[in-house]
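Undergrad: In the numbering used here, the protein residues as written are 1 to 241.
Beta carbons: idealized from backbone N, C-alpha and C, even for Gly.
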Amino acid sequence: MVKQQVFYKYKSLDNFEFLLDLILRERLYAAQHHELNDPMEGVVKIDGTIPKDKEQEWDELIKTFRIVCFSRDKDHPLMWSHYANGARGCVVEFQLMDDQQAHRVSYLKKPVINERHISREKAEEILVHKDKPWKYESESRCLLGENEIFLPIYIKSVTFGSRAEKSKVDMLLHILSLCKPDLKVHVMGEQGLVDDIKVSIGNKRIFLCDRVRTQDYCPQCTEIKRSQEDYVLKHRGWKGS
Numbered sequence: 001m002v003k004q005q006v007f008y009k010y011k012s013l014d015n016f017e018f019l020l021d022l023i024l025r026e027r028l029y030a031a032q033h034h035e036l037n038d039p040m041e042g043v044v045k046i047d048g049t050i051p052k053d054k055e056q057e058w059d060e061l062i063k064t065f066r067i068v069c070f071s072r073d074k075d076h077p078l079m080w081s082h083y084a085n086g087a088r089g090c091v092v093e094f095q096l097m098d099d100q101q102a103h104r105v106s107y108l109k110k111p112v113i114n115e116r117h118i119s120r121e122k123a124e125e126i127l128v129h130k131d132k133p134w135k136y137e138s139e140s141r142c143l144l145g146e147n148e149i150f151l152p153i154y155i156k157s158v159t160f161g162s163r164a165e166k167s168k169v170d171m172l173l174h175i176l177s178l179c180k181p182d183l184k185v186h187v188m189g190e191q192g193l194v195d196d197i198k199v200s201i202g203n204k205r206i207f208l209c210d211r212v213r214t215q216d217y218c219p220q221c222t223e224i225k226r227s228q229e230d231y232v233l234k235h236r237g238w239k240g241s
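(1) Determine the contact status of Ile149 and Lys54, defining contact as a CB-CB distance below 8 Å.
(2) By alpha-carbon positions, which one of Gln5, Val185, Leu173, Lys11 ends up nearest to Ala87?
(3) Whose C-alpha, out of Lys9, Ala31, Phe18, Pro152, is nearest the C-alpha of Asp99?
(4) Please return the same chain residues whose Cβ sits closer than 7 Å to the Cβ of Glu124, not counting the five positions on each side in sequence.
(5) Here's a check: name, in chain order, each residue in its chain whose Cβ is nearer than 6 Å to the Cβ of Trp58, leaving out the five neighbours to either side.
(6) So what does Leu28 bridge to, in DSSP terms?
(7) Do Gly161 and Trp80 have their CB atoms nearer than 8 Å?
(8) What would DSSP say about Leu96, mapped onto helix, strand or coil?
(9) Using only alpha-carbon positions, find the residue among Phe65, Asn85, Leu20, Pro133 that is nearest to Ala30.
(10) Would you tell me roughly how many angstroms separate the C-alpha atoms of Lys9 and Leu172, rounded to the nearest one?
(11) Can you tell me which of the three DSSP states Ile206 falls into?
(12) So, with DSSP's three-state summary, where would you put Leu13?
(13) Going by alpha carbons, who is nearest to Ile175 out of Arg163, Val158, Met188, Glu190?
(14) Closer than 7 Å by C-beta to Ser140: which residues in its own chain qualify, once you throw out the five before and the five after it? Chain order, please.
(15) Got a sec, what are the start and stop residues for the alpha helix (DSSP H) Glu139 sits in?
(16) Rank Arg120, Arg116, Asn147, Pro111 by C-alpha distance to the C-alpha of Lys130 and give the top, closest one.
(17) Determine, using beta carbons only, whether Leu127 and Ile67 come nearer to each other than 8 Å.
(18) On the CB-based measure, 16 or more other CB atoms within 10 Å of its CB, does Asn147 come out buried or exposed?
(19) In terms of alpha-carbon separation, which member of Ser177, Asp182, Met188 lies closest to Lys166?
(20) Count the other CB atoms, across all protein chains shown, that sit within 10 Å of the CB of Pro181; report buried if there are 16 or more and exposed otherwise.
(21) Using the three-state DSSP reduction, which class does Lys156 fall into: helix, strand or coil?
(22) Under 8 Å between the Cβ atoms of Glu229 and Lys156?
(23) How is His129 classed by DSSP in three states: helix, strand or coil?
(24) Under three-state DSSP, which class holds His76?
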């Protein structure tokens, strides 16, 4: 059996409803190419033989893709700085589902295209290329269709950075302890080292008594677990909110 690869998504805690959406619904937002932080996404080097109408055709073709970006590096200082608000955010560890394909981003020279190359296959090739300055990201991507707004995933763990605001972390820890009691959640120590974890709520069990039945009745998470699973299955679909 082939071991499923693990990936990482660095996130800020600003507007952390987006972070909660990612974790509780177990899905990643799929952006259009113009929403990504590299202004050269989808831009190609043209050999001068492509007429204006074909350039427009290329632009329209690129718009039919949505892109999910993530890293293969779980603890890169530049990733913490650029995507997790200078270690004030977190990194989410996850796995893809079996039928999803991750493309490794290439940082080699971007291909030149001509009129013959205006096709969906060539667009896919272009969308998994980035310029060399972005190589530190160790990026992989999933390419989705234009109506596939979210990519469903399996969340493995969440690690908050060493400079994350305590009040926000405490609130998120409380929410996750109730909604995702089996999720491994860590807070990095002040030294900012991965092996300097000072808090973990993973595998914490929560029991609720049903006062309607008897005082000592305890379902031991069964009903909560079912509710959590139903919520995830309902909301992490490819096409909706």
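TA: From the atom records:
(1) no
(2) Lys11
(3) Pro152
(4) Leu143
(5) Ile118.
(6) Leu151
(7) Contact flag set, yes.
(8) strand
(9) Phe65
(10) 17 Å
(11) Confidence in Ile206 is poor, its pLDDT being 41 and thus under 50, which makes the residue's placement unreliable; the coordinate value appears in the next sentence. The answer is coil: DSSP assigns Ile206 none of H, G, I, E or B.
(12) coil
(13) Out of Arg163, Val158, Met188, Glu190, the CA that lies nearest to the CA of Ile175 is found in Val158.
(14) Phe7, Phe70, Arg72, Ala102, His103, Arg104, Val105
(15) That residue, Glu139, is in no alpha helix (DSSP H); its beta strand (DSSP E) goes 139-145.
(16) Of the listed residues, the one whose Cα sits closest to Lys130 is Pro111.
(17) yes
(18) exposed
(19) Met188
(20) Within 10 angstroms of the beta-carbon of Pro181 lie 16 or more other beta-carbons, which makes it buried.
(21) strand
(22) no
(23) strand
(24) The three-state reading of DSSP puts His76 in coil, since its state is none of H, G, I, E or B.
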